[in-house]
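Here is the structure we will look at, set down as structure tokens.
Protein chains in written order, with our numbering: chain A, 1 to 276; chain B, 1 to 324.
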């Protein structure tokens with residue numbers, strides 16, 4: 001799957017996502033651009049098996065395996081002649097023998113077994129059953145006629161919405177949007193009557209300085225020890241409401257300790273010069 | 001954080017002498033300004049001396065504490081502490097002759113209630129004041145901004161109550177003292193008496209708290225010296241003398257406190273009625289006139305129609321008598 005490649009120019013689906021592989025009756029693939037190049041004159045030889053090919057017979061490859069394509073091609077050609085139906089036979093067994101014969105022929109042609117023999121068999125069959133073939137062909141035509149009728153009916157049904165669509169086309173095309181829903185035009189620059197926003201002069205960049213708490217007292221026990229050393233046992237547990245607000249008892253405990261310890265080293269040296 | 005607070009920066013002083021200087025300065029400033037009111041009499045006769053002012057304020061500190069204690073609904077301790085701070089700070093920059101302490105007292109408590117998030121409305125508040133409630137409302141509300149301005153808008157007060165809790169937690173955790181909670185009654189009474197001293201203007205709240213804890217321990221015949229030396233100051237022995245000095249000073253201050261003599265205070269109050277700044281006396285004509293001008297200037301309406309409580313008040317001098 002991932003390396004669907006043209007055997008001639010080696011382009012892959014990966015390198016050219018729009019790559020289109022084509023196949024002809026011989027069952028060898030070529031990419032679209034190679035087909036264009038090689039079959040400029042309308043006919044040429046397959047670069048792999050040298051079978052003469054016509055450009056018209058190139059089809060887009062539907063199946064990954066080109067052999068399947070070849071078989072589909074052959075089967076279509078054979079069934080054009082081998083078009084008998086069950087009611088043309090006396091018994092089911094005979095019809096089954098007939099179907100098996102078709103499969104044999106298709107298999108032989110696909111795998112290049114006894115091609116000449118098989119072609120002779122087809123010719124013989126064509127000669128022997130010319131009338132039946134011709135008759136069945138017209139019957140197919142009748143079937144097709146019935147199909148066509150059905151298609152016609154469908155078309156009539158589809159026409160109604162189409163009319164509506166045409167009516168819509170009559171309406172003037174919507175104005176191309178050139179403004180926002182607020183009424184401001186696209187790409188409009190600032191109103192010249194407004195003063196330009198004064199550019200603030202950028203000072204030096206902010207430099208983070210970590211906060212060093214100045215406690216002027218004994219050092220606090222670290223937060224982790226509030227619980228582990230049992231400080232927390234001596235304070236009221238927080239209520240669920242307080243907990244929801246983030247005010248845990250550890251926080252309150254820490255604050256009380258902090259306030260107790262800070263300022264203990266304070267000694268009045270100069271004091272305050274003026275009270276106001 | 002107390003260490004980076006305005007309380008430490010602007011309102012913690014070096015020694016009592018410094019406080020005394022401020023008070024004397026305010027006293028002489030007032031006398032200088034109002035000298036002609038003495039009408040030739042001896043200045044010391046007419047005006048209060050600085051010592052008399054101190055005595056008067058001490059008496060009003062007692063009134064302040066009683067007012068807070070009887071306050072309904074009961075107020076938390078921190079409101080009382082904060083109100084005392086405001087009261088002391090206000091009279092460092094003002095003379096009681098300029099603003100009568102009974103008016104400032106109520107205003108201090110009112111502002112403290114707000115700052116400490118003890119929610120009482122002004123109506124609830126004045127219900128605790130005997131006398132004319134409308135007048136009291138006016139006085140409190142009109143002095144509120146004055147007080148805040150005189151405090152230089154530094155309203156956050158670090159009280160020693162949280163440090164007390166911190167010390168008790170620490171003692172319970174690290175020392176082997178039995179049942180430290182029995183110290184609490186002594187601690188509370190010690191802190192109550194620090195209100196009457198100038199300790200809160202001279203020492204940090206944690207030092208006051210530690211002094212209270214140590215005082216309470218000695219009352220309970222416990223010794224917490226080893227807790228202080230071996231646990232608190234183990235890493236900074238050189239700081240220990242400073243703390244011991246501070247604790248000693250606080251305890252002496254509390255011990256030396258003497259209630260002012262009632263008779264003397266009565267005489268001082270009589271003297272004050274004569275020498276107080278009439279422009280700030282809500283009963284005086286000068287005050288009413290000043291207020292009337294204030295109102296008419298603002299609203300451009302004739303003075304006769306101005307309807308404010310002050311003008312209607314009879315000469316009811318008992319309005320703010322919280323003490324009796």
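Every residue gets a Cβ at the ideal spot worked out from N, C-alpha and C, and that includes glycine.
On a predicted model such as this, the values are computed, not experimentally measured, just so you know.
{"Item": "Residue 8 of chain A beta carbon less than 8 Å from that of residue 34 of chain A", "Value": "yes"}
{"Item": "Which of helix, strand or coil DSSP assigns to residue 173 of chain B", "Value": "helix"}
{"Item": "Buried versus exposed call for residue 270 of chain B [16 or more other C-beta atoms within 10 Å across all chains shown]", "Value": "exposed"}
{"Item": "4-residue-minimum alpha helix (DSSP H) runs that sit fully inside the segment 27-83 of chain A, ordered along the chain", "Value": "32-38, 66-81"}
{"Item": "9 Å Cβ cut-off: residues of chain B touching residue 228 of chain A", "Value": "Simply none; closest approach about 11 Å."}
{"Item": "At least three beta-carbon pairs within less than 8 Å, the segment 89-109 of chain B to the segment 138-156 of chain B", "Value": "yes"}
{"Item": "Which listed residue (B:236, B:32, B:224, B:140) has its alpha carbon closest to that of residue 47 of chain B", "Value": "B:32"}
{"Item": "Selected residue, minimal CA-CA separation from residue 258 of chain A, among A:207, A:114, A:213", "Value": "A:213"}
{"Item": "Nearest residue (CA-CA) to residue 104 of chain B, options B:66, B:143, B:135, B:134", "Value": "B:143"}
{"Item": "Partners in chain B for residue 244 of chain A, counting only beta-carbon separations shorter than 7 Å", "Value": "Here the premise fails: no neighbours, minimum Cβ distance about 20 Å."}
{"Item": "Endpoints, beta strand (DSSP E) assigned at residue 21 of chain A", "Value": "21-23"}
{"Item": "CA-to-CA distance, residue 47 of chain A to residue 88 of chain A, given in whole angstroms", "Value": "43 Å"}
{"Item": "Residue-chain proximity (residue 210 of chain A, chain B), Cβ-Cβ < 8 Å", "Value": "no"}
{"Item": "Opening and closing residue of the alpha helix (DSSP H) in which residue 158 of chain B lies", "Value": "Taken as a continuous stretch (DSSP letters only), residue 158 of chain B belongs to no alpha helix (DSSP H), as it is neither H nor E."}
{"Item": "Residues in the segment 10-32 of chain B having any Cβ partner in chain A nearer than 8 Å", "Value": "10, 11, 12, 13, 14, 15, 18, 22"}
{"Item": "Amino acids of chain A, ordered along the chain, whose beta-carbon sits closer than 8 Å to that of residue 205 of chain B", "Value": "259, 263"}
{"Item": "Cross-strand partners of residue 5 of chain A (DSSP beta bridge)", "Value": "A:12"}
{"Item": "Neighbour flag for residue 238 of chain A against chain B, beta carbons, 8 Å", "Value": "no"}
{"Item": "Residue 238 of chain B (DSSP reduced to helix, strand or coil)", "Value": "helix"}
{"Item": "Sequence-distant residues of the same chain with beta carbon closer than 6 Å to residue 278 of chain B, five excluded per side", "Value": "284, 286"}
{"Item": "Boundaries of the alpha helix (DSSP H) in which residue 126 of chain B is found, first to last residue", "Value": "122-126"}
{"Item": "DSSP three-state assignment for residue 101 of chain A, whether helix, strand or coil", "Value": "helix"}
{"Item": "Cβ neighbour criterion (16 or more within 10 Å) applied to residue 247 of chain B", "Value": "buried"}
{"Item": "Residue 254 of chain B, buried or exposed, once every other Cβ within 10 Å from all chains shown has been counted against 16", "Value": "buried"}
{"Item": "Under 9 Å (Cβ pairs) to chain A, residues found in the segment 74-99 of chain B", "Value": "89, 92, 93"}
{"Item": "Residue 29 of chain B - DSSP class collapsed to helix/strand/coil", "Value": "helix"}
{"Item": "Check whether residue 202 of chain B and residue 84 of chain B have beta carbons under 8 Å apart", "Value": "no"}
{"Item": "Cutoff 8 Å: residue 222 of chain A Cβ touching any chain B Cβ", "Value": "no"}
{"Item": "In DSSP terms, what residue 179 of chain A is bridged to", "Value": "A:185"}
{"Item": "Candidates B:208, B:280, B:282: closest to residue 264 of chain A by CA position", "Value": "B:208"}
{"Item": "Continuous alpha helix (DSSP H) stretch holding residue 231 of chain B: start and end", "Value": "Note, residue 231 of chain B: premise wrong, no alpha helix (DSSP H); not H, not E."}
{"Item": "Distance, residue 145 of chain B Cα to residue 34 of chain B Cα", "Value": "24 Å"}
{"Item": "contact_flag[the segment 61-71 of chain A, the segment 20-40 of chain A] where n(CB pairs < 8 Å) is 3 or more", "Value": "yes"}
{"Item": "Buried or exposed (CB count within 10 angstroms, at least 16 for buried), residue 64 of chain B", "Value": "buried"}
{"Item": "Buried/exposed call for residue 20 of chain B, threshold 16 Cβ in 10 Å", "Value": "exposed"}
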